[in-house]
Amino acid sequence: MNTITREEAIDILIGNKIFDEKTINEHNKASEFYIKHLIEGWDICDIDRMAHLNTLFGYDIGVDNWSKIDSELWSNKKYWDNYGCGVEILELTYTDKGFIQNVCKEIGLDLSFDKWRTEDFKCYEYY
């Protein structure tokens, strides 16, 4: 896995217009979340997917759990047969709670759904 410096991560975020310099300098949860994962070698799209799923769950489900769910949604032939493609995490909404509960059950994840969102959201929450 390639890692980058904090400065390189900041350049990526500013260059892709994800955050401006002022926001990054405020060291808020959002910019720090992206910087941390970019330094670890993540792609911006995967960082968005993790933030989206964490927001739906209402807490940080952890990298391993996110990875298992993401992998299952993209690789299980059942979803390709039913939807014609893998299931994109970024398209999930609060109404998909039962669906994700079933996915977690099928892959043996025992995650709490107590804080699952009950309405749409416009912004991610960062944990």
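Each step along the sequence shown adds one to the number in the working numbering, with nothing skipped, and position 48 is 55. Ideal Cβ positions, reconstructed from N, Cα and C, are used throughout, including at glycine.
Asked                                                                                                                                                                                                    : Found
With three or more beta-carbon pairs closer than 8 angstroms as the criterion, would you say the segment 102-112 touches the segment 34-47?                                                              : no
Starting from Cys52, follow the alpha helix (DSSP H) in both directions and report where the run begins and ends.                                                                                        : 51-64
Whether or not the segment 91-105 and the segment 18-28 are in contact is what I'm after, with contact meaning three or more pairs of Cβ atoms, one per stretch, closer than 8 angstroms; do they touch? : no
Tell me whether Cys111 sits in a helix, a strand or coil according to DSSP, three-state version.                                                                                                         : helix
Compute the distance between the beta-carbons of Asn61 and Glu132, then report whether it is under 8 angstroms.                                                                                          : yes
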